[in-house]
Amino acid sequence: MSRATLPGALLLLAASGALAEAACSGADMQFHGTLTAPPTLTCNSRNSITSEAGSGVSSGAELELAAPRVQLGPDFSVAAGARLHATPQVSADLCGLEPLGSGGTTWYLCDCNSGADGECQVGDDTATGTTPNAPLRTYAKARQLFASLAAGDTIAFCRGGAFTTATTLNWVNSRCTAAAPCTLRSYTPPWASGDEAAPRLTAASDVTLFDLANGGVASHQEGYRIADLALSGAGSSSVGVFIYNDVDDVALCRLTIEGFAIGVQIGGYNSPPAGGSDGKSARVRLTYSRLLDNSGQGWLGGCDGCTLEANYFENNGYAGAVFYHQIYASSPAGLVTGMRIAGNELYRSVQVDGGCAGAPLVAHGLHNGLTIEANYLHEPAGTATDGCWGIAVDPAYSSAEGFTQLVVRGNRLEQLGNVAIGLASCQQCTVENNLIISDRLLGTTAIAIPDRSRAADDLPLQAVTVRNNSILLSSGATAIALGGEGSGHQLVSNAIHYSGGSGNWACFDLDLASSAYAVVDNNLCGSGSGEWERGSGDLASWQGASGLDGASQALAPQFASSLAPYDLRAASASSPMVDAGHSSASATTAYGGGSRDAQPDIGAYEY
């Protein structure tokens, strides 16, 4: 992660078993060095914790990182016997950092194409390949070998090495299992001096580097791990990792994926599937990885139990303004259940003509139980266009679409465009504890539900809850719009500060009859102009006309800082947010996952 993306960061040093600086505070925090036994260290940050290159935890030491966003770099090491706890919780799988030789047979390869370390020593495809001293050589040999691996076997590429392919080859093995996966990872060669980068695997234009799809009709495969590698594309139509035709339990971790058209893609399947196959991929995990400069999509697709956690996305989707994104959660094989996108950072998204011109994170299709939480979406101030929507979960296809049990929680969105969070065709969906900040000069709607019209066969909006969001805008049109259709909607305990002077401003746009809302109350909106509810005038007029918002207040929330780096917590106990939230309808947790007390606060934080 670039240090430049962490304004005001506090550097926490842990070296030689002693803490050079033990202050665990600050808006953003970085962890550096190696924590060694016996210390137990807990770091809490109200925004984020990241790691510097080469940091980690040694055997016997215990590190606890608690923040809304925990982003550990691809080289962060966790030794055997060490303990790492991260909130939000990310898989404890060491992702290829555990010692080699712990199970199955390991096959070693080393090639030294362009970009290799200056000390690189090539292997030989006629060698035994089972020791670091006699490695095999080429990418083609590795792929050939993969097809014959036993469950639990490993193919290891040398650190400092560089491998290339000009041909798409399938990586398929029916013997691999979820319990004993086949692994592709790195190893440190005997010639290494200690400064070697992760192995770099490069695909020529129009080539898929790792094609995990069997040919023909779908047949079930499972249990693949690809870890601690640098994957490079060399063309606008190449793909880094392609998953298709029923491949389950795939772990992609500590990867750098850059220069492809699509970094990671999950597709559908050839029908009808073979016996024993349902055609659908499931439980694909992308963690601790960096996806950079992929022209079309950083991630494209979706599956039951798919997980994207603690990844860094930058400058993906620059091929165009409408159809390209950093993360595109689709449903390529029908209804997707239980997908989770958490703890990721998305920066410089869909860069067209020098600024963000499209949505960084979108979901289309059919989803149940999709969770989008603790992500950090941001752009350089003043660069986002009106087309730069933040999180958009809505219909876009000619076929029927809909979203049920969606949760958009605890995300931080800064300096985005026309809509920060937009939903449509959503039922029993919740938007809570999000931080939305913009000082851009274009009109902004922080939360728009619905954000677009739907087709007749798409799911109608019903029972949507918007609560405990904190919003800071210096210009814009509307803070929260909730209506259009449906009933049972809830709008409670939101904190809004508008510092602009537009007379067209409205805190809320609630265009349905009062009976369509189960509860609208305990909201806080401070603005020097405009209306409380669009078309209804000030708060008192709205209260009289609707019978809603009886305990709401037209007051500034008194955020701790309305200037960069921005702090939307209560400035003091006297803030009108404190203890003023809805007693029963507020979110049960606060931003970052902490619990709320019996008198919940308005806004994302609990004082």
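Taken in order, the sequence shown gives residues 23 to 629; the numbers are from our numbering. For glycine and all other residues, C-beta sits at the position ideal for the given N, C-alpha and C.
Kindly indicate which three-state DSSP category residue i falls into: helix, strand or coil?
i      : result
ARG247 : strand
GLY216 : coil
LEU167 : helix
ALA20  : In the structure displayed, the chain extends from 23 to 629; residue 20 sits before or after that span and is not available.
SER536 : helix
SER371 : coil
ALA36  : Reliability fails at ALA36, whose pLDDT of 32 lies under 50, so the model's placement of it is uncertain and the value that follows must be treated cautiously. Three-state result, ALA36: strand.
TRP564 : helix
SER317 : coil
TYR181 : It should be noted that the sequence gives Arg, not Tyr, for residue 181. ARG181 falls in the coil class under three-state DSSP.
ALA468 : strand
PHE282 : coil
PRO204 : First, the amino acid is wrong: residue 204 is Cys here, not Pro. In this structure, CYS204 counts as strand in the three-state DSSP scheme.
GLY508 : coil
VAL229 : coil
CYS328 : coil
GLN484 : strand
TRP411 : coil
GLU98  : The sequence given here has Phe at residue 98, not Glu. Coil, per DSSP.
Rounded to the nearest angstrom, what separates residue i and residue j at their Cα positions?
i      : j      : result
ALA114 : VAL100 : With a pLDDT of only 45 at ALA114, under 50, the local geometry of the prediction cannot be trusted, and no value is derived from it.
VAL261 : GLY318 : 10 Å
THR426 : THR500 : 25 Å
THR611 : GLY320 : 31 Å
ALA226 : PRO382 : 27 Å
THR413 : GLY465 : Correcting the residue type first, residue 413 is Ile in the shown sequence and not Thr. C-alpha separation (whole angstroms): 17 Å.
GLN575 : GLU555 : 13 Å
ALA249 : LEU206 : 6 Å
LEU171 : TYR627 : 51 Å
MET599 : ALA184 : 56 Å
LEU33  : PRO157 : Since pLDDT at LEU33 reaches only 29, below the 50 mark, its modelled position is unreliable, and the value read off the structure follows with that caveat. The straight-line gap from Cα to Cα measures roughly 40 Å.
ASN516 : ALA592 : 13 Å
ILE284 : TYR346 : 10 Å
GLN484 : ALA602 : 27 Å
GLY342 : GLY380 : 8 Å
ALA418 : GLY323 : 15 Å
GLY552 : ASP270 : 53 Å
GLY281 : GLN450 : 39 Å
SER594 : ALA582 : 8 Å
THR27  : ASN440 : Bear in mind that a pLDDT of 26 at THR27, under 50, signals an unreliable position, so the model cannot answer this.
PHE168 : PHE530 : 57 Å
GLU218 : GLY126 : 26 Å
MET23  : GLY559 : Residue placement at MET23 is poorly supported in this model, since its pLDDT is 23, which falls under 50; the coordinates are not used for a value here.
ALA20  : ALA567 : Absent from the structure is residue 20, since the part of the chain shown begins at 23 and ends at 629.
Identify every residue that forms a DSSP beta bridge with residue i.
i      : result
SER460 : LEU495
PRO354 : GLY356
TYR629 : Answer is none; TYR629 lacks a bridge partner.
GLY522 : Looking at the DSSP assignment, GLY522 forms no beta bridge with any residue, so it has no partner.
TYR334 : ARG312 and GLU367
GLY377 : VAL374
ALA252 : ARG222 and THR278
ASP543 : VAL514
GLY559 : GLU555
ILE265 : ILE288
ASN195 : Note: ASN195 sits in no beta bridge, so no partner.
ILE624 : Answer is none; ILE624 lacks a bridge partner.
Are any of the Cβ atoms in chain C nearer than 8 Å to that of residue i?
i      : result
GLY289 : Considering every chain present, this structure includes no chain C. It has just one protein chain.
If we call anything under 8 Å between Cβ atoms a contact, is residue i one with residue j?
i      : j      : result
SER496 : SER521 : yes
GLY339 : GLN348 : yes
GLN287 : ASP268 : no
ARG489 : SER352 : no
ILE363 : SER303 : no
PRO295 : GLY289 : no
GLY137 : ARG276 : no
GLY151 : ASP133 : no
ASP438 : PRO472 : Per the sequence presented here, residue 438 reads as Leu, with Asp not at that position. No. Outside cutoff.
ALA59  : SER73  : no
GLY237 : ASN192 : yes
PRO482 : GLU507 : yes
ILE177 : TRP213 : no
GLY550 : LEU532 : no
Since I believe residue j is in contact with residue i (beta carbons under 8 Å), could you give me their beta-carbon distance rounded to a whole number of angstroms?
i      : j      : result
PRO203 : ARG247 : 5 Å
LEU570 : GLY548 : With 8 Å as the limit, LEU570 and GLY548 do not qualify as a contact, their Cβ atoms being about 19 Å apart.
LEU308 : GLU336 : Incorrect: roughly 15 Å between the Cβ atoms, too far for contact.
VAL306 : VAL344 : Contact doesn't hold; Cβ gap of about 26 Å is too wide.
LEU368 : LEU399 : 5 Å
SER509 : ALA538 : 4 Å
GLY432 : GLY614 : 7 Å
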